[in-house]
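To start, the structure itself, in structure tokens.
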Amino acid sequence: MLKKFLSYFIPVNIYKRNSAINKTLEVTWNNGQLVLDSKSTNYSYGSLQRILRKGLHYIGFERIKKFDNVLVLGVAGGSVIKTIANEIGFKGRITGVELDADVITIANDYFKLNEIPNLTLINDDAFEFVLKTKEKYDLIIIDIFQDTVMPNFLFEEFFINRINFLLKVNGFILFNTMTLNKKDKERNLLYRSRFTEDYSVRMYPKVEDHNELFTIKKLQ
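Using the numbering used here, you'd call the opening residue of the sequence shown number 118 and step up by one each time.
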């Protein structure tokens with residue numbers, strides 16, 4: 118508890134390792150809270166939890182409670198899963214897909230994701246998983262980064278169409294993006310334009326400095 122107390126004055130690192138996928142991973146006490154960071158950005162808890170919590174608020178906690186199943190692509194330390202399970206009180210099925218096995222180990226050891234009874238954690242590539250799954254989902258959360266870089270496939274038509282296929286009618290996509298420059302902002306505008314009138318798309322810019330959220334509802 119001393120490290121937690123000291124973290125209100127200065128961040129206290131308690132674990133660090135190199136990952137083949139994410140390179141540097143650090144678990145740190147910061148302002149009395151455990152957070153997971155990569156070399157250049159917050160991966161879970163801290164600012165990222167605030168960002169995704171805002172997105173879930175935009176969709177509506179009471180609406181989410183009534184969903185049957187949620188898919189999280191990009192788990193990291195699992196802050197959004199903790200929000201869904203603990204704050205919202207969601208009792209349906211949660212499936213979390215994370216490419217980095219080292220991250221899953223950290224999520225279980227330090228953030229106790231393995232204690233959430235309605236969560237299934239899968240070590241897989243998000244692109245591969247969405248090709249294989251036969252489930253349909255009420256909420257699909259996309260939060261995939263390698264440090265500050267977003268994989269190109271997230272914005273390609275094939276992946277977008279596959280995600281849309283997996284989404285139930287009246288279901289939502291919550292997509293967290295990073296906009297560091299003009300090119301990123303243009304990429305996001307192009308992404309928005311790929312959705313037809315069968316979807317209600319909202320953009321929320323400047324969420325925690327460089328993040329831009331999308332909420333996308335499937336109307337029919």
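Beta carbons: idealized from backbone N, C-alpha and C, even for Gly.
Please list the terminal residues of the continuous alpha helix (DSSP H) segment that includes K121.
Membership of K121 in the alpha helix (DSSP H) is indicated by the continuous run L119 to L123.
Cutting at 6 Å between CB atoms, please list the residues of its own chain near T237, excluding the five before and the five after it.
Excluding sequence neighbours, T237 sits near T212.
Touching or not, the region 240-251 and the region 165-179, by the rule of three or more beta carbon pairs under 8 Å?
With the cut-off at 8 Å, the region 240-251 and the region 165-179 do not touch.
Which residue from N231, I168 and L297 puts its Cα closest to that of I110?
The chain is shown only over 118 to 337; residue 110 falls outside these bounds and no answer can be derived.
How many whole angstroms separate the CB atoms of Y227 and Y125, which I take to be in contact at a CB cut-off of 8 Å?
Separation of the CB atoms of Y227 and Y125 is rounded to 19 Å, and the pair is thereby denied contact status at 8 Å.
Selected residue, minimal CA-CA separation from L188, among E252, I233 and G149
Comparing Cα-Cα distances from L188 to each of E252, I233 and G149, the minimum goes to E252.
Which first and last residues belong to the alpha helix (DSSP H) in which E303 is found?
According to the DSSP assignment, E303 belongs to the alpha helix (DSSP H) that extends over K299 to S310.
Reference M118, options N147, L142 and N281, closest by Cα:
Relative to the Cα of M118, the nearest Cα in the group N147, L142 and N281 belongs to N147.
K143 versus R210 - alpha carbon distance:
A quick correction: the sequence has Glu, not Lys, at residue 143. Using only the alpha carbons, I get a separation of about 29 Å.
Hey, which unbroken runs of the beta strand (DSSP E) at 3 residues or more fall wholly within the region 247-304?
Taken in chain order, the whole beta strand (DSSP E) runs of length 3 or more contained in the region 247-304 are 254-259 and 284-295.
In the DSSP assignment, find the unbroken alpha helix (DSSP H) run with I198 in it and report its ends.
Its alpha helix (DSSP H) spans residues S196 to K199.
Beta-carbon proximity of I290 to L284, cut-off 8 Å:
Between I290 and L284, the CB-CB gap stays under 8 Å.
Would V247 and R279 be called neighbours here (beta carbons separated by less than 8 Å)?
Judged by their CB atoms, V247 and R279 are nearer to each other than the 8 Å cut-off.
Taking the CB atoms as reference points, tell me whether G195 and L230 lie closer together than 8 Å.
Yes, the Cβ-Cβ distance between G195 and L230 is below 8 Å.
Using the three-state DSSP reduction, which class does L236 fall into: helix, strand or coil?
Looking at L236 - three-state DSSP - the assignment turns out to be strand.
Beta carbon of G172 nearer than 8 Å to that of N281
The criterion of a C-beta distance shorter than 8 Å is not satisfied by G172 and N281.
Please classify K199: is it buried, with 16 or more other beta-carbons within 10 angstroms of its beta-carbon, or exposed?
Label assigned to K199: buried.
T313 (DSSP reduced to helix, strand or coil):
In the structure shown, T313 falls within a coil segment according to DSSP collapsed to helix, strand and coil.
Residues in the same chain with beta-carbon distance under 8 Å from L190, minus the five sequence neighbours each way, listed in chain order, please.
In the same chain as L190, and ignoring 5 residues on each side of it, the C-beta atoms closer than 8 Å to its own belong to V214, A243, F246, V247, I257, I258, I259, D260 and I261, in chain order.
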